[in-house]
Amino acid sequence: MSRYVPPPPAPESALRALEDKLGTALPPLLKSRYASSNGGTFDDPRNRDREWQLHPVFDASDRKQMKRTAEDIAHYTRLALQDKRFPRNGISIAHNFSLYEQLFVKRDEASGVIGEEIFLFDVHTGQWCARYAADLPAAIAQARVPEAVQPDPARALPQFRYYADPFEAGVLRTSGETCECCGKATGYIYGGSFYAVGDESHFCPWCIANGAAAKKFDGEFNDAAGIGCAGTEEVALPPSVIAEVSQRTPSFFSYQQERWWAHCNDAGRFLGEIEHVDRALIASEAGNDFTSDTREAAHVGSDADWQWLLATPSRQRGIAVFVFGCLHCGKLGGYVDHS
Ligand SMILES: [Zn+2]
Ligand SMILES: [Zn+2]
Ligand SMILES: [Zn+2]
Numbered sequence: 231m232s233r234y235v236p237p238p239p240a241p242e243s244a245l246r247a248l249e250d251k252l253g254t255a256l257p258p259l260l261k262s263r264y265a266s267s268n269g270g271t272f273d274d275p276r277n278r279d280r281e282w283q284l285h286p287v288f289d290a291s292d293r294k295q296m297k298r299t300a301e302d303i304a305h306y307t308r309l310a311l312q313d314k315r316f317p318r319n320g321i322s323i324a325h326n327f328s329l330y331e332q333l334f335v336k337r338d339e340a341s342g343v344i345g346e347e348i349f350l351f352d353v354h355t356g357q358w359c360a361r362y363a364a365d366l367p368a369a370i371a372q373a374r375v376p377e378a379v380q381p382d383p384a385r386a387l388p389q390f391r392y393y394a395d396p397f398e399a400g401v402l403r404t405s406g407e408t409c410e411c412c413g414k415a416t417g418y419i420y421g422g423s424f425y426a427v428g429d430e431s432h433f434c435p436w437c438i439a440n441g442a443a444a445k446k447f448d449g450e451f452n453d454a455a456g457i458g459c460a461g462t463e464e465v466a467l468p469p470s471v472i473a474e475v476s477q478r479t480p481s482f483f484s485y486q487q488e489r490w491w492a493h494c495n496d497a498g499r500f501l502g503e504i505e506h507v508d509r510a511l512i513a514s515e516a517g518n519d520f521t522s523d524t525r526e527a528a529h530v531g532s533d534a535d536w537q538w539l540l541a542t543p544s545r546q547r548g549i550a551v552f553v554f555g556c557l558h559c560g561k562l563g564g565y566v567d568h569s
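Under my numbering, residues 231 to 569 are what the sequence shown spells out, in order.
Now the structure itself:
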């Protein structure tokens, strides 16, 4: 499984240099984030189309870090200020991949103090708002994996029969967060959907795989009613299969209620969004029906458009294509999800 490796900490000297330049202290949240990892990405807790790139603090301690951090907070803030609508007292701290959206903090005009509240600036509309103030600090903080909670290398991650790689899909990630089911910080946390009466949804992979979380909170990761309902034919499945997918298998990020493709009297294995699936597999005979169904559903006319769809991250195209593989005959299936 591919795992995200966060950048190294920003040295104290780099943090001090930035604070000297700003003439004031960084907000504690940001400072501690940089002190554990200087830059890198963090997930938006609300929208899978957003992954934020935290602007690093310029680090002159060695050539490699110098090069990596050359485009730092100051650089992005200068760029942002070129837009007259960006608040004059704003300090740009993160952007999404397109740079169309930025997160920033604000310096109080009178005191010069930088507040901890996080705002969103939208380059298209020129508007900004505080709607991220409540949950993004939590997301930034969660992206840190403290020394004390590094994943135990001796403990093998659970394998999910119906899910190829939840880390690649992003529903599982490394994190210092505590599992809301077993109460342990395992170094990994789940951030996908969980349908239950309560609010708990952040679980470790083990509490998902062994059914403990679903049982304890009486919930489902995947809606049982949608299992077997994806693609052109509906498949009636044994209750044991539905239970495993709904209660012991991570979900995936989708716009609409997720559905689970099935074949050969079994649920399919979730392989990911189309851009992450092996192109040769999609082009093979096993992928023929899937390809023609998907081209039709996504209104893809030309081969060039198809190649574009295969190569473009879903967050850039407003539709997602989910791919599953049959565990018995190898056939591919799935469906198109519109935003
Ligand atoms: Zn747990
Ligand atoms: Zn998208
Ligand atoms: Zn099959």
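Just so you know, even glycine gets a beta-carbon here, dropped at the ideal spot from N, CA and C. Everything numeric in this text was worked out from a predicted model, so none of it was measured.
#1: For Asp-567, count neighbouring C-beta atoms within 10 Å of its own C-beta (all shown protein chains included) and say buried if the count is 16 or more, exposed if not.
#2: Suppose contacts are defined by Cβ-Cβ distances below 8 Å. Is Leu-350 in contact with Glu-331 by that definition?
#3: Going by the DSSP bridge assignment, what does Gly-502 pair with across the sheet?
#4: I need the boundaries of the beta strand (DSSP E) containing Leu-387, first residue and last residue.
#5: Run through the DSSP bridge pairs and tell me what Trp-358 is partnered with.
#6: Got a sec: does ligand 1 put a non-hydrogen atom nearer than 7 Å to the Cβ of Lys-414?
#7: When every heavy atom of ligand 1 is checked, does at least one fall within less than 7 Å of the C-beta of Phe-424?
#8: Please report the distance separating the alpha-carbon of Ser-267 from that of Pro-236.
#9: Could you check if Asn-326 is buried or exposed, using at least 16 other CB atoms within 10 Å of its CB as the buried criterion?
#10: With DSSP as the reference, identify every bridge partner of Thr-271, one or two as the case may be.
#11: Considering only heavy atoms of ligand 1, does any lie closer than 7 Å to the CB of Trp-282?
#12: Would you report the Cα separation of Thr-404 and Asp-338, rounded to the nearest angstrom?
#13: In terms of residue numbering, what span does the beta strand (DSSP E) encompassing Lys-336 cover?
#14: Determine the extent of the alpha helix (DSSP H) in which Arg-509 is found, giving its start and end residues.
#15: Can you confirm whether Leu-540, when its beta carbon is compared against all beta carbons of chain B, has any partner nearer than 8 Å?
#16: Mapping the DSSP letters down to three states, classify Cys-559 as helix, strand or coil.
#17: Run the Cβ filter for me: residues under 6 Å from any heavy atom of ligand 3, listed in the order they occur in the chain.
#18: Looking only at C-alpha atoms, which of Gly-498, Gly-253 and Gly-564 sits nearest to Phe-520?
#19: Can you pull the DSSP bridge partners for His-432?
#20: Please confirm whether Val-471 and Ala-439 have their CB atoms less than 8 Å apart.
#21: Relative to the C-alpha of Asp-508, which residue among Lys-414, Lys-297 and Gln-537 is closest?
Walking through what the data contain:
#1: So Asp-567 ends up on the buried side.
#2: Yes, Cβ-Cβ distance for Leu-350 and Glu-331 is below 8 Å.
#3: DSSP, once it has assigned bridges, lists Val-553 as partnering Gly-502.
#4: Premise fails: Leu-387 is in no beta strand (DSSP E) and is neither H nor E.
#5: Answer is Phe-351.
#6: Yes, the beta carbon of Lys-414 sits closer than 7 Å to at least one heavy atom of ligand 1.
#7: Outside the cutoff, so no.
#8: Their Cα atoms are separated by approximately 6 Å.
#9: Under this definition Asn-326 is a buried residue.
#10: DSSP output for Thr-271 lists Gln-283 as bridge partner(s).
#11: Result no, Cβ not under 7 Å from ligand 1.
#12: Those two C-alpha atoms are separated by around 34 Å.
#13: Taken as a continuous stretch (DSSP letters only), the beta strand (DSSP E) holding Lys-336 covers 331-336.
#14: Annotation for Arg-509: the continuous alpha helix (DSSP H) segment containing it runs 509-513.
#15: In the displayed structure, chain B is absent; only one protein chain is listed.
#16: When DSSP states are grouped into helix, strand and coil, Cys-559 belongs to the coil group.
#17: Qualifying residues, in the order they occur: His-493, Cys-494, Cys-556, His-558, Cys-559 and Lys-561.
#18: Comparing C-alpha distances from Phe-520 to each of Gly-498, Gly-253 and Gly-564 shows the shortest one belongs to Gly-564.
#19: Paired residue(s): none; His-432 is not in a bridge.
#20: No, they are not a contact pair.
#21: Minimum Cα distance to Asp-508 is reached at Gln-537.
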